[in-house]
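Let me begin by presenting the structure, written as structure tokens, before commenting on it.
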Amino acid sequence: MRDKFIIGRYLPLDTIIHRRDPRAKLIFVFLFIILIFFAHSFATYLWLFLIIFIIMKASRIKSWFLIKGLTPIWIFLIFTFLMHLFLTKGGVRIFELGFLSIDTNGILEGIYIVLRLMFIIMISTIMTLTTSPLDLTDAFERLLSPLKIIKIPVHQLSMMMSIALRFIPTLMNELDKIILAQKSRGSEISSGGLINRVKAFIPLLVPLFISAFQRAEDLAIAMEVRGYETHKKRTSYRKLYWRWADSLLLMLIVPIAIILFILKHIGV
């Protein structure tokens, strides 16, 4: 389970993507996700996939590793596709049986929505794989620091995000232990049909939640013992340095957007 769930994990490599300022990566990913919502043709999605592929190669992340990260949400993606397949009407009627019907618009819309979700997850996963949780938290806090003027607890939000990112692989590791313990007792978790697997997975939720609360309590006690207080002004041990390459990374979003809108305008 932990090997399939890669969101929140970090690969400590030395690549041009890893060396970029986390603030630049956050802004780039945010703008790229906005561009994803403007794509609405196979040519535009192919162009965005090409950009993701180039970033993936530049960060030396294996394609199979990134695709493996989509494994836990395949059921959700299939469900999303089927919803649009049967509920979106328009175009040429391909199939009809009672109240169920499939139109060409439903097929295209289902494919586009699934691609959109996949691209969002892929670019976000690349960011987490190439940025340490600590750097990501610092970048998030620095970017939102102007909101402190209107009394928004930016530091607390950043701390919550950092803890959440750190807890994801921890909980996946804990889930692996619980699954192995259940299998040793003769429980059939990974066999049978989908419904049987869901039924077998439900008893795992109680010990998983108990473990999560225990770890959260231990973390709260450890932070309190070390004198952590949310209302006090804090300094940062780690410094973030913005370089010309970080500005270049953000400038790349301009030609990406221009080509995207050209492809969309000519209707390719």
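Take 4 as the starting number for the sequence shown in the numbering used here and just add one per residue. Even for Gly, the Cβ is constructed at its ideal location relative to N, Cα and C.
Q) Taking all protein chains shown into account, do 16 or more other C-beta atoms lie within 10 angstroms of the C-beta of Met130, making it buried, or fewer, making it exposed? A) buried
If you count every other CB in all the chains shown that lies within 10 Å of the CB of Lys60, and 16 or more means buried, which is it?
exposed
Exercise for review: For the alpha helix (DSSP H) containing Arg284, list its first residue and its last residue.
Suggested key: Residue 284 is absent from the structure shown; the chain starts at 4 and stops at 271.
* Which of helix, strand or coil DSSP assigns to Arg96 -> Look at Arg96 here: in three-state DSSP terms it is strand.
Open item on the list: Can you tell me whether Leu16 is helix, strand or coil according to DSSP?
Closed with: Three-state DSSP puts Leu16 in coil, outside helix and strand.
(message) What would DSSP say about Ser62, mapped onto helix, strand or coil?
(response) Coil at Ser62, not helix or strand.
(request) Pull up the DSSP beta-bridge partners for Leu103, would you. (result) Leu100
What do you reckon, are the CB atoms on Ser51 and Phe122 nearer than 8 Å?
-> As written in the sequence, residue 51 is Leu, which differs from the Ser given in the question. The answer is yes: Cβ separation under 8 Å.
- Backbone CA spacing between Phe40 and Leu263 [nearest angstrom]: 11 Å
ask   = Since Phe82 contacts Val117 with CB under 8 Å, what's their CB separation in whole angstroms?
value = In fact, because the Cβ distance is near 10 Å, the residues do not count as touching under 8 Å.
How far does the alpha helix (DSSP H) with Trp77 in it extend, from its first residue to its last? The continuous alpha helix (DSSP H) containing Trp77 extends over residues 77-90.
Next on the checklist: Measuring alpha carbon to alpha carbon, tell me which residue in Arg12, Thr18, Pro25, Lys65 is nearest Leu243.
Outcome noted: It is Pro25.
**Message:** What does the alpha-carbon distance come out to for the pair Ser127 and Pro258?
**Reply:** 20 Å
- Query: In chain order, what residues of the same chain have a beta carbon less than 8 Å from the beta carbon of Arg241, not counting five sequence neighbours either side?
  - Reply: Leu137, Asp138, Asp141
Can you check whether the CB of Leu211 is closer than 8 Å to the CB of Ile181? yes
_Option in Asn108, Ile55, Leu49 with minimal Cα separation from Ser66_ = Ile55
Problem set entry | Contacts around Asp249, its chain only, beta-carbon distance under 7 Å, and the 5 residues preceding and following it disregarded | Beyond the five residues adjoining it in sequence on each side, Asp249 comes within less than 7 Å, by CB distance, of Arg23, Asp24, Ala27 in the same chain, given in chain order.
| Secondary structure of Arg26, DSSP reduced to three states | helix
| said: Considering only their Cβ atoms, is the gap separating Leu207 from Ile178 smaller than 8 Å? | reply: The sequence shown places Leu at residue 178, rather than the Ile named in the question. Contact flag set, yes.
Spatial neighbours of Ile30 in its chain, beta-carbon cut-off 8 Å, leaving aside the 5 residues before and after:
Leu146, Leu253
Review point. Exposed or buried, which one is Asp221 when buried takes at least 16 other CB atoms within 10 Å?
Key: Exposed is the label assigned to Asp221, since fewer than 16 other Cβ atoms lie within 10 Å of its Cβ.
Legend entry - Beta-carbon spacing of Leu174, Ala215 below 8 Å: yes
Review point. Short check: CB of Leu88 to CB of Gly101, under 8 Å?
Key: no
_N- and C-terminal bounds of the alpha helix (DSSP H) containing Ser250_ = 247-254
So, helix, strand or coil for Phe264, using DSSP? helix
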